[in-house]
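A.B. asks:
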Amino acid sequence: QRSLKRHLCSMEYVIYLAADIINLILGLPTNVYVLWLIVTGQRGTSSDVFALNLAVTEILSSLSSLTYIINNQQGSNAIVFFAQYFKGFVLYGRPLFQGCVCVERYLAVVHPVTFLKYKPLKYRVGFSGVVWLLVIGTCFGYMLVKTTTAWRSYAFSYNLVLFSVMLFCCLAVLRALKLQLRKLTVFVDYRVFFRVTVTLY
Numbered sequence: 004q005r006s007l008k009r010h011l012c013s014m015e016y017v018i019y020l021a022a023d024i025i026n027l028i029l030g031l032p033t034n035v036y037v038l039w040l041i042v043t044g045q046r047g048t049s050s051d052v053f054a055l056n057l058a059v060t061e062i063l064s065s066l067s068s069l070t071y072i073i074n075n076q077q078g079s080n081a082i083v084f085f086a087q088y089f090k091g092f093v094l095y096g097r098p099l100f101q102g103c104v105c106v107e108r109y110l111a112v113v114h115p116v117t118f119l120k121y122k123p124l125k126y127r128v129g130f131s132g133v134v135w136l137l138v139i140g141t142c143f144g145y146m147l148v149k150t151t152t153a154w155r156s157y158a159f160s161y162n163l164v165l166f167s168v169m170l171f172c173c174l175a176v177l178r179a180l181k182l183q184l185r186k187l188t189v190f191v192d193y194r195v196f197f198r199v200t201v202t203l204y
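Numbering (the numbering used here), first residue to last: 4 to 204.
1) Which of the three DSSP states is assigned to T151 in this structure?
2) Kindly indicate which residue of N26, C172, S131 and A22 has the alpha-carbon position closest to the one of R108.
3) Hey, how far is the Cα of F197 from the Cα of L57?
4) Can you list, in chain order, the residues of its chain with a C-beta nearer than 8 Å to that of Q4? Leave out the 5 residues immediately preceding and following it.
5) Mind checking whether G102 and L165 have CB atoms under 7 Å apart?
6) May I have the straight-line CA-CA distance separating F53 from S67, to the nearest angstrom?
7) Quick one: grab the DSSP three-state call for V201.
8) Return yes when the Cβ of D51 is within less than 7 Å of the Cβ of I41, no when it is not.
9) Check whether the stretch 106-126 and the stretch 82-97 are in contact - that is, three or more C-beta pairs closer than 8 Å.
10) Write down the C-beta distance between L20 and I72 rounded to the nearest angstrom, noting that I regard them as a contact closer than 8 Å.
11) Around the C-beta of G91, are 16 or more other C-beta atoms found within 10 angstroms, so that it is buried, or is it exposed?
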């Protein structure tokens, strides 16, 4: 039984190590390139703010993989501290900024007047600052009390709420686009009918 348990632990170690290596090799260069495209892009629109923050979060999550790889070799308490802290960005930073992107697209399609009202860059920068404060605080909480039942309940509720928001936004956008397509089809049919009627007349 001990040998089986040791074998399972070694298999779990290999799987986690392989996932960290893949995330580091593929994720870090890709997200650095995305960040470079956003920063050096010609558009410079305010819509890129949340995408930029999401790219930074993905880079930090890749650094989490790096710290875990180093920790597997060194076993330092300081490295464990940073590894657990950066892992919080994967669990809490990424879904929060993904939710921000979804809400932004939802407002642009379903409520364009409200979207134009809050389109200036200052609103997005201010909201991003608030989100970063929330993410940093949540990462500290995860690092200190991640094993408690209360924290696990909070983490589950946190991700469930964000998932529900993103799902609602996606479905609302699809529904709005479907209605617009239907209206456009009816409009085109009327134009064709009018032209045929005039031609026959």
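Virtual Cβ for every residue (Gly too), placed ideally from N, Cα, C. Everything numeric in this text was worked out from a predicted model, so none of it was measured.
C.D. replies: Reading from the atomic positions:
1) The DSSP-derived three-state label of T151 is coil.
2) Comparing alpha-carbon positions, the option among N26, C172, S131 and A22 lying closest to R108 turns out to be C172.
3) No answer about F197 holds up, because its pLDDT of 48 lies below 50 and its placement is not dependable.
4) Note on Q4: pLDDT 48, under 50, position unreliable in the model; the coordinate value appears next. The answer is none, since no qualifying residue turns up.
5) Yes. Within cutoff.
6) Between the alpha carbons of F53 and S67 lies a distance of about 21 Å.
7) In this prediction, V201 scores a pLDDT of 43, lower than 50, which makes its location untrustworthy; the coordinate-derived value is nonetheless stated afterwards. V201: helix per DSSP, three-state reduction.
8) It is a contact, given that the beta carbons lie within the stated cut-off.
9) Verdict: no, contact absent.
10) Indeed they touch by this definition, with Cβ atoms about 7 Å apart.
11) It counts as buried.
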